[in-house]
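In the numbering used here, the protein residues as written are 5 to 222. C-beta: ideal position from N, C-alpha, C; glycine also. Below is one structure; the comments refer to it alone.
Quick look at the structure:
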């Protein structure tokens with residue numbers, strides 16, 4: 005059994021690209037300490053892989069295809085069976101990518117319309133957009149995987165005493181596929197508006213959303 009590790013819980017941002025330490029990627033901030041809810045009993049590697057919290061940064065350093073592909077991390081909940089856990093992380097990848105793209109589109113739209121949104125468009129984004137985007141995303145490829153065996157303890161702040169595995173999968177997808185999925189999703193989103201004014205508003209608000217996403221990853 006490998007050396008027992010103590011892992012900090014980290015709050016993830018909307019696109020789940022991971023949290024950064026000051027100066028690591030140009031962010032100026034202060035280190036924060038988080039309450040530990042679990043201990044790691046065993047792990048696939050003795051050190052946490054760099055791609056787990058910084059998939060894009062990892063790709064730039066270790067892969068020559070980062071300009072052609074976008075990298076994402078998919079992580080499961082607590083699962084007891086290792087084979088099921090590792091497979092679940094891979095299977096969930098596309099839905100996680102779709103969820104991230106959905107949140108990005110919703111955020112871009114909300115910022116552009118500044119509260120003057122169309123109720124039908126809002127309803128479509130909440131109920132249907134993620135499923136539509138997921139149907140457009142094909143070709144996700146797993147590049148790395150990682151598992152940890154964790155013991156959550158009430159005495160450390162967890163809701164219940166539990167033992168199981170958490171598995172993560174690093175996947176890549178062609179940027180051209182993502183851009184096409186965004187264009188098709190925006191077309192569907194535009195079609196959800198019932199009047200020409202709303203359609204024009206959606207189109208204007210999201211006309212450069214794919215370019216914004218590219219800049220976010222660069």
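Just so you know, the alpha carbons of residue 71 and residue 52 end up roughly 25 Å apart.
Around the beta carbon of residue 90, 16 or more other beta carbons sit within 10 angstroms, so the residue counts as buried. Spatial neighbours of residue 143 in its own chain (CB-CB distance under 8 Å, excluding positions within 5 residues in sequence) are listed in chain order as 177, 178, 181.
Contact fails between the segment 197–205 and the segment 94–110, because fewer than three Cβ pairs, one in each stretch, are under 8 Å apart. Proximity to residue 149 across 40, 42, 47 peaks at 47, based on C-alpha coordinates.
Sixteen is the threshold: since fewer than 16 other Cβ atoms of the shown chains lie within 10 Å of the Cβ of residue 200, the residue is exposed. Within a 10 Å sphere around the beta-carbon of residue 49 sit fewer than 16 other beta-carbons, which makes this residue exposed. Excluding its 5 nearest sequence neighbours in each direction, residue 168 has C-beta neighbours in its own chain below 7 Å: 82, 83, 84, 154, listed in chain order. Residue 210 sits close to residue 112, with the two beta carbons spaced by under 8 Å. In the DSSP assignment, residue 149 falls within the unbroken beta strand (DSSP E) covering 145–156. Annotated three-state conformation of residue 49 is coil, per DSSP. Its Cα nearest to that of residue 128, the residue 195 stands out among 217, 93, 195.
In terms of CA proximity to residue 74, 141 leads the group 141, 212, 130.
Leaving aside the five residues that flank residue 62 on each side, the residues in its chain whose CB is nearer than 6 Å to its CB run, in chain order, 54, 55.
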